[in-house]
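Trainee:
There are 2 protein chains.
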Amino acid sequence: MTVMDTARADVLYCQNEVKPNPRPDGEDRYTISEVAAVSGLSAHTLRWYERIGLMPHVDRSQTGQRRFSNRDLDWLRLVAKLRLTGMPVADMVRYAELVREGESTVAERKELLLATRENVLGRIAELQGTLAVLDHKIDIYTTAKA
Amino acid sequence: MTVMDTARADVLYCQNEVKPNPRPDGEDRYTISEVAAVSGLSAHTLRWYERIGLMPHVDRSQTGQRRFSNRDLDWLRLVAKLRLTGMPVADMVRYAELVREGESTVAERKELLLATRENVLGRIAELQGTLAVLDHKIDIYTTAKA
DNA sequence: CCCTTGCTTGGAGTGCGCTCCAAGTCCGTA
DNA sequence: TACGGACTTGGAGCGCACTCCAAGCAAGGG
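Chains as they are written, first to last, in numbering that gives the first Met the number 0: chain A, 0 to 145; chain B, 0 to 145.
#1: Classify serine 41(B) as buried or exposed, calling it buried when 16 or more other Cβ atoms lie within 10 Å of its own Cβ.
#2: Rounded to whole angstroms, what is the Cα-Cα separation between arginine 59(B) and arginine 65(B)?
#3: Per DSSP, what kind of secondary structure is arginine 116(A) in: helix, strand or coil?
#4: Of all the residues that make up the segment 117–134 of chain A, which are near chain B by a beta-carbon distance shorter than 9 Å?
#5: Check whether the segment 101–119 of chain A touches the segment 62–79 of chain B, taking contact to mean three or more Cβ pairs, one atom from each stretch, closer than 8 Å.
#6: When DSSP labels each residue in this structure, what does valine 10(B) get in the three-state scheme?
#7: Rounded to a whole number of angstroms, what is the C-alpha to C-alpha distance between isoleucine 139(B) and alanine 114(A)?
#8: Can you tell me the Cα-Cα spacing of glutamate 26(B) and valine 57(B), whole angstroms?
#9: Across the segment 128–139 of chain B and the segment 80–90 of chain B, are there enough close Cβ pairs to call them in contact, namely three or more that are closer than 8 Å?
#10: Would a C-beta distance cut-off of 7 Å place isoleucine 51(B) and valine 98(B) closer than the cut-off?
#11: Mind checking the segment 66–91 of chain B against chain A and listing, in chain order, the residues whose C-beta falls within less than 8 Å of any C-beta there?
#12: Look up aspartate 58(A) in the DSSP assignment and say whether it is helix, strand or coil.
#13: Under the assumption that proline 87(A) contacts aspartate 71(A) (Cβ atoms under 8 Å), give the Cβ distance between them as a whole number of angstroms.
#14: What did DSSP end up calling arginine 231(B) once you bin it into helix, strand or coil?
#15: Tyrosine 29(B) CB to nearest chain A CB: under 7 Å?
#16: In whole angstroms, what is the alpha-carbon distance linking proline 23(B) and aspartate 73(B)?
#17: For valine 17(A), does the count of other Cβ atoms within 10 angstroms reach 16, so buried, or fall short, so exposed?
#18: Are the Cβ atoms of leucine 126(B) and valine 119(A) separated by less than 7 Å?
#19: Give, in chain order, every unbroken run of the alpha helix (DSSP H) that is at least 4 residues long and sits entirely within the segment 83–131 of chain A.
#20: Consider the Cβ of tyrosine 48(A): report whether some Cβ of chain B lies at a distance smaller than 7 Å.
#21: Alanine 143(B) versus chain A: which residues are under 7 Å apart at the beta carbon?
#22: Whose C-alpha, out of Arg28(A), Val37(A), Arg76(A), Arg116(A), is nearest the C-alpha of aspartate 134(B)?
#23: Are there 16 or more other CB atoms within 10 angstroms of the CB of alanine 89(A), so buried, or fewer, so exposed?
#24: What is the rounded straight-line gap between the Cα of glutamate 49(A) and the Cα of alanine 35(B)?
#25: Taking the straight line between their C-alpha atoms, what separation do you get for isoleucine 123(B) and arginine 76(A)?
#26: Which one of Tyr94(A), Ala143(A), Glu96(A), Thr104(A) has the shortest CA to CA distance from serine 103(B)?
#27: Establish whether the CB of tyrosine 94(B) and some CB of chain A are separated by less than 7 Å.
#28: Count the other C-beta atoms from every protein chain shown that fall within 10 angstroms of the C-beta of serine 38(B), then say buried if there are 16 or more, exposed otherwise.
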């Protein structure tokens with residue numbers, strides 16, 4: 000999936016005002032298809048994320064089906080944001096590992112987020128440069144037509 | 000190549016002040032390795048771009064070797080900028096076709112660039128949203144440590 | 001009891017954008 | 001004339017991020 004595609008794949012996670020989770024804590028045992036609907040990720044992708052270690056351990060029903068919690072939804076929201084920056088999945092897996100390791104990794108996690116932040120700032124600058132080129136070209140086409 | 004990688008791959012094409020072409024018009028018959036050095040793209044990639052129709056017809060020496068012109072360099076600069084926006088290669092090939100078809104396609108080309116422009120604006124907004132999330136997280140880690 | 005629906009798994013397949021390989025040609029220098 | 005280095009081609013291979021498949025299990029309705 001290119002970054003360009005990502006832009007339209009998201010149902011919930013791209014809006015700047017974040018919707019609250021569909022159910023209150025205590026009743027948050029979502030099936031995989033509910034999470035798929037709410038997150039815009041496919042059930043396939045959700046299972047794959049778990050397989051590669053990008054999800055914290057997801058709870059299961061008595062029959063072995065996944066039951067996602069509000070915490071899981073919050074985590075997916077963060078993951079979606081990080082994906083949007085172009086961060087490779089492997090790096091996000093690393094971040095997930097740090098979270099699982101607990102409090103001792105807080106400094107390293109912060110470093111990782113700071114590096115990502117720099118990256119995002121850089122890309123915004125790049126895109127603004129591209130915008131200038133685009134506007135220049137568009138201007139040429141506009142005046143050429145007249 | 001992810002968008003994240005793109006950021007460091009470019010030698011010339013990412014700077015906002017564009018360097019002039021290495022040689023003046025009339026002496027602009029660059030070999031593929033010269034273009035590779037100056038553009039930051041590999042010779043492999045340059046040949047591949049030509050194969051898929053992303054380059055205008057490149058001139059050849061008597062022995063069949065490519066000789067790139069200043070126009071080709073300019074085109075590659077534009078392509079690099081468009082790649083940076085996440086525009087799929089297939090879309091750029093379409094744009095290249097329009098250019099080859101001549102003046103009659105100016106309106107369609109302008110449409111394409113306008114759509115790309117909207118896309119870029121959208122992505123900048125996304126990234127700024129992500130920045131806010133990142134700053135929030137970083138802030139949490141900072142105050143938690145203190 | 002069967003049918004449908006939704007879930008489970010490991011592993012295979014897909015699309016994109018390169019990236020590299022093998023085998024051969026051409027050219028400048030010694 | 002021999003050698004090294006840069007170039008040519010078609011086609012195969014790779015890494016990433018999914019995306020799908022086959023086979024099977026569990027629960028609910030007619």
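Idealized CB from N, CA, C, for every residue including glycine.
Mentor: Answer, in terms of the structure:
#1: exposed
#2: When rounded, the separation of the alpha-carbon atoms in arginine 59(B) and arginine 65(B) is 5 Å.
#3: helix
#4: Answer set for the segment 117–134 of chain A: Asn118, Val119, Leu120, Gly121, Arg122, Ile123, Ala124, Glu125, Leu126, Gln127, Gly128, Thr129, Leu130, Ala131, Val132, Leu133, Asp134.
#5: Result no; under three Cβ-Cβ pairs closer than 8 Å.
#6: Below a pLDDT of 50, predicted positions are generally treated as unreliable, and valine 10(B), at 45, falls in that range; the measurement from the model is reported next regardless. Note: valine 10(B) maps to coil in three-state DSSP.
#7: So the two alpha carbons sit approximately 16 Å from each other.
#8: Rounded to whole angstroms, the separation of the alpha carbons of valine 57(B) and glutamate 26(B) is 15 Å.
#9: No: the two stretches stay apart, fewer than three of their Cβ pairs being nearer than 8 Å.
#10: no
#11: Leu77, Lys80, Leu81, Leu83, Thr84, Gly85, Met86, Pro87
#12: strand
#13: The Cβ separation is near 22 Å, so there is no contact.
#14: Residue 231(B) is absent from the structure shown; chain B starts at 0 and stops at 145.
#15: no
#16: 13 Å
#17: exposed
#18: yes
#19: List check, alpha helix (DSSP H) in window: 88–100.
#20: Residue-level contact check: tyrosine 48(A) does not touch chain B, since none of the beta carbons of chain B fall below 7 Å from its beta carbon.
#21: The contacting residues are Val105.
#22: Arg116(A)
#23: exposed
#24: 41 Å
#25: 19 Å
#26: Ala143(A)
#27: no
#28: buried
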